[in-house]
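*Asks:* Residue numbers (the numbering used here), protein chains in the order written: chain H, 1 to 236; chain P, 1001 to 1236; chain E, 2001 to 2236; chain A, 3001 to 3236.
For glycine and all other residues, C-beta sits at the position ideal for the given N, C-alpha and C.
Bear in mind the structure is a predicted one, so any value in this text is a computation, not a measurement.
4 protein chains.
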Amino acid sequence: MKRKIRRPFFVVNPKSYLYGEKTYRLAEKADELAVRYDIDIFFTAQHVELAEIKKRAPHLIVTAQHMDGITPGRGMGAILPEALKEYGVEATFLNHIEHAMTVAELADTVGRAAELEIMTIVCADSAAETAAVAAMHPDIIVCEPAKLIGTGVTSGDSYMKETDNIVRSLSPDTLVLQASGISTAEDVYNAIIRGGADGTGATSGIVAKEDPLAALEEMIIAIARARDEIEKSKGR
Amino acid sequence: MKRKIRRPFFVVNPKSYLYGEKTYRLAEKADELAVRYDIDIFFTAQHVELAEIKKRAPHLIVTAQHMDGITPGRGMGAILPEALKEYGVEATFLNHIEHAMTVAELADTVGRAAELEIMTIVCADSAAETAAVAAMHPDIIVCEPAKLIGTGVTSGDSYMKETDNIVRSLSPDTLVLQASGISTAEDVYNAIIRGGADGTGATSGIVAKEDPLAALEEMIIAIARARDEIEKSKGR
Amino acid sequence: MKRKIRRPFFVVNPKSYLYGEKTYRLAEKADELAVRYDIDIFFTAQHVELAEIKKRAPHLIVTAQHMDGITPGRGMGAILPEALKEYGVEATFLNHIEHAMTVAELADTVGRAAELEIMTIVCADSAAETAAVAAMHPDIIVCEPAKLIGTGVTSGDSYMKETDNIVRSLSPDTLVLQASGISTAEDVYNAIIRGGADGTGATSGIVAKEDPLAALEEMIIAIARARDEIEKSKGR
Amino acid sequence: MKRKIRRPFFVVNPKSYLYGEKTYRLAEKADELAVRYDIDIFFTAQHVELAEIKKRAPHLIVTAQHMDGITPGRGMGAILPEALKEYGVEATFLNHIEHAMTVAELADTVGRAAELEIMTIVCADSAAETAAVAAMHPDIIVCEPAKLIGTGVTSGDSYMKETDNIVRSLSPDTLVLQASGISTAEDVYNAIIRGGADGTGATSGIVAKEDPLAALEEMIIAIARARDEIEKSKGR
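#1: How many Å lie between F43 of chain H and A215 of chain H at the Cα?
#2: Starting from T63 of chain H, trace the beta strand (DSSP E) both ways and give me its first and last residue.
#3: Put L18 of chain H into one of helix, strand or coil per three-state DSSP.
#4: Rounded to the nearest angstrom, how far is the Cβ of A3135 of chain A from that of L3170 of chain A, given a contact under 8 angstroms?
#5: Just grab the DSSP bridge partners of L177 of chain H for me.
#6: In the structure shown, what three-state DSSP assignment does A2124 of chain E receive?
#7: Report the partner residues of G3073 of chain A according to the DSSP bridge assignment.
#8: Could you check the C-alpha separation between E3098 of chain A and G3020 of chain A for me, to the nearest Å?
#9: According to the neighbour-count rule (16 or more other Cβ atoms, all chains shown, within 10 Å of its Cβ), is K4 of chain H buried or exposed?
#10: What separation, rounded to the nearest whole angstrom, lies between the Cα atoms of C123 of chain H and N2190 of chain E?
#11: Check the C-beta distance from D1205 of chain P over to L1177 of chain P and give it rounded, since I have them as a contact under 8 angstroms.
#12: Do the CB positions of L3018 of chain A and I3041 of chain A come within less than 7 angstroms of each other?
#13: Put V11 of chain H into one of helix, strand or coil per three-state DSSP.
#14: Ignore the nearest five residues each way along the sequence and tell me which others in K2029 of chain E's own chain have a CB closer than 8 angstroms to its CB.
#15: Say whether the stretch 3103–3112 of chain A touches the stretch 2093–2111 of chain E, bearing in mind that this needs 3 or more beta-carbon pairs closer than 8 angstroms, one atom from each stretch.
#16: For S2016 of chain E, count neighbouring Cβ atoms within 10 angstroms of its own Cβ and tell me buried if that reaches 16, exposed if not.
#17: Do L84 of chain H and A64 of chain H come within 7 angstroms of each other at the CB atom, strictly closer than that value?
#18: Just the C-alpha distance for I1193 of chain P and D1157 of chain P, rounded to the nearest angstrom, thanks.
#19: Going along the chain, which residues of its own chain have a beta-carbon closer than 7 angstroms to the beta-carbon of A3107 of chain A, five neighbours each way excluded?
#20: Please state the DSSP three-state secondary structure of I2041 of chain E.
#21: Restricting to Cα atoms, I'd like to know which of A:A3045, A:V3012, A:L3050, A:T3023 is closest to I3039 of chain A.
#22: Ends of the alpha helix (DSSP H) at A1051 of chain P?
#23: My output table needs one value for M160 of chain H: the three-state DSSP class, helix, strand or coil.
#24: Go ahead and label K3232 of chain A buried or exposed: buried means 16 or more other beta carbons lie within 10 angstroms of its beta carbon, across all protein chains shown.
#25: From A:P3014, A:G3195, A:I3070, pick the residue whose C-alpha is nearest to that of A78 of chain H; which is it?
#26: In angstroms with no decimal places, state the Cα-to-Cα distance between Y1087 of chain P and V1048 of chain P.
#27: Would you say Y37 of chain H and I220 of chain H are within 7 angstroms of each other, going by their C-beta atoms?
#28: Within the continuous beta strand (DSSP E) that includes L3080 of chain A, where are the two ends?
#29: From H:M67, H:S126, H:A146, H:C143, pick the residue whose C-alpha is nearest to that of G111 of chain H; which is it?
#30: Just checking: is the beta-carbon of D102 of chain H within a distance shorter than 7 angstroms of some beta-carbon in chain P?
#31: So with Cβ pairs under 7 angstroms, would you call P3072 of chain A a contact of chain H?
#32: Look up T1023 of chain P in the DSSP assignment and say whether it is helix, strand or coil.
#33: Could you round the C-beta distance between V35 of chain H and V62 of chain H to whole angstroms and report it? I think they count as a contact, below 8 angstroms.
#34: On the DSSP letters alone, give me the boundaries of the beta strand (DSSP E) that T2092 of chain E sits inside.
#35: How is M1136 of chain P classed by DSSP in three states: helix, strand or coil?
#36: Which of the three DSSP states, helix, strand or coil, is assigned to T1109 of chain P?
Here it is as structure tokens:
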């Protein structure tokens, strides 16, 4: 059964920046922080090392960066859902602007993931695309205007609120990840508290820092702080 | 201003089967039938001959088979919306399985079409894809399982009803075109009366017939008959 | 029969910058210059207006910006070679970085063009890609590093010579178009005389100028001057 | 340093048919046969299990089914060459019809593979595509008309000879893999002896058989027999 994600969650997404030892160290650190701060952390890696990450970091939600909507059979060079599942992969990103999918491919792949209980984290680049993706009912939607990727510029509270409303109205069970321009612990805190996101995450905000492990720790502390404040305000 | 489409409408879609004189004859026949039976007929053609079709068949809704969501500027080899508009093109197909678009491209292109008041006829290949497309609010959705294209097999009443319901609930102003396997005048009549479609249309059901002009005329008579029955039943 | 291109030739490529009246004026000017300076000029336009350009500018080599390698039949939204031919299109660009083709698509399309005697102008973005394209024996290869498109920076004499040598050795009958960063009449002259190109051309070097018609005329004068010098040096 | 491939070689390519235990058993069998019959065997698998295959089957040439031509950095969902190398992957298929690449992507990826000493096995679907691919100088070219994939029909001696000649003339160091319709041990033998291929391989000829391990063993015996005959005829 798919695990139930606790909010706010965090995504560590090293894309193609890291591999081998550097990925292991980041994953092991994230694993330790997931336990210490009791936060659900998704961790992506190159497909070739997902099985190893699963062994080394058992508390992370090991996540593919892409998956294809195929069934076992043909599909040379494709990423087979069943094979990911076999090695403990629990989630997959889909439709990132650097790996854009056709509407038909995305619909098929979200369907296959649901069959296999693999969580889907689907990227959308505009308000109109957010609506289309929400209508497919993925587990998580990433609301990130493509032109801001890697820029360190956040998408702004109004864009966060607009896309948030679209998702809530079309697919209330889908969680919202606001991830554009998250480069500091403060950005992490703001995406949750001011942007109202269910989760956030970073790539260059971690891997391009002088000390990626320390940058990650600060972000996890920030998200735990946001979580504690939300709970406290609810408690009152 | 975009013209208001009257139901039931019909689409003549010769894809890449015809060009030149053969297209002219089919377009001129369709133009004559549109007037005689008072039916809104969309007519597609190769981009290179859309301007000529517009001149020869002024009562048709001249329709591109694809358009790109670009603005004037770069875009080598792309189909510029403004250029189509300039030559009287009033509508465009998008996301046909033979020209699949990414979610981002389709969202952008539906947006550009709306700005220029070009009608969008967007194809969807499954129930999940139909939902995603409906969330973008095109003018018309084509509900046609890809595996049936060109087979002469219709998609069945239950698939027609399921996709119809999806569109009505997510985008009530969007019209539904049921077009799979329409090869006879009877299929045309059934898609409207039994399938509940707002419109229908054909490719090989016309161009692969021995006498395409006669096949077209029978289909237009069938759709006019369906229209008259619907109006009569409402009148009662 | 395909016409024999005389060197040096010139390509006016407005991409998606222009349409309608502005394209007509540029095409009519190019037509007049082709006659006055006795230069072979390729002229591209949006597919929807190629037929009109052919009528208005009979001395130009009317050129599509893209074509698909299909045969009449299916191919929704595709550009059918036979349809282009029908309206007097004599050449087509292929594989521009803004409309990249797979190896299989490009091989098929160059083959279809040869069958129909449509000239092929194929873009290549690096020395390795130039070799691959040369092995398909198109009529013309465009050697233009993609990162320089639209920058006004030329690719440099050494890149021009390297790619020129690759083409000469693999496909001696293929002409070479050096087109990166051609923004002035001087660049035109230099591409021919110093770069050794068989032809050159421009997009933003014309359409982004305050007076595109004047900019075009200066470039055609420059290419005629280059031609005259080459002929004089041969005559001696 | 890249290993030198001995002819005739064999490729076991399970595409997306197998994963987990079934792949392990096939890989372990192939490993044992590679040693016993002294044959170079390439073995492909899902990216997620390439590292595990490398550990379990150290005598195989572990081969990816696709790789992207990127450098470490951005590239969400892409297959990073450095990451494959890190886990002992020695070769990669490229441009299979089920994962077609643009000319620019393929040229870049063959270049990146050469930098990292990863062997490239590039698919070509027609004589014209074979020429284009040969001009990029991959290690191995797969000459397989796309329409025959999975059909059990071989491409015929004349197609094998034509493509063989193209490769020999444009890239003499590139090996030729003839792989269409290899479904029996006899087909394996014939591809080498009558087709003159440097290597051959199979997908459904193995995985769709009742006993895939036995089918594989028969094929390896056939290729060893072909090898022995070639050596004997040279010895005379």
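*Replies:* On the basis of the coordinates in this document:
#1: In a straight line, the C-alpha of F43 of chain H is about 15 angstroms away from that of A215 of chain H.
#2: 61–64
#3: coil
#4: 6 angstroms
#5: DSSP, once it has assigned bridges, lists H:V142, H:G199 as partnering L177 of chain H.
#6: Three-state DSSP puts A2124 of chain E in a strand.
#7: H:S16
#8: 22 angstroms
#9: Looking at its Cβ environment, which holds fewer than 16 other Cβ atoms inside 10 Å, K4 of chain H is exposed.
#10: 47 angstroms
#11: The sequence given here has Gly at residue 1205 of chain P, not Asp. 14 angstroms between Cβ atoms; not a contact.
#12: no
#13: strand
#14: L2213, L2216, E2217
#15: yes
#16: buried
#17: yes
#18: 11 angstroms
#19: M3136
#20: The answer is strand: DSSP assigns I2041 of chain E an E or B state.
#21: A:V3012
#22: 1050–1056
#23: helix
#24: So K3232 of chain A ends up on the exposed side.
#25: Closest by alpha carbon: A:P3014.
#26: 11 angstroms
#27: yes
#28: Run containing L3080 of chain A: none; DSSP gives neither H nor E here.
#29: H:M67
#30: Looking at the sequence shown, residue 102 of chain H is not Asp but Thr. It does: the Cβ of T102 of chain H has a partner Cβ on chain P nearer than 7 angstroms.
#31: yes
#32: Looking at T1023 of chain P - three-state DSSP - the assignment turns out to be helix.
#33: In fact, because the Cβ distance is near 15 angstroms, the residues do not count as touching under 8 angstroms.
#34: 2091–2094
#35: Residue state, collapsed to three classes: coil.
#36: Helix.
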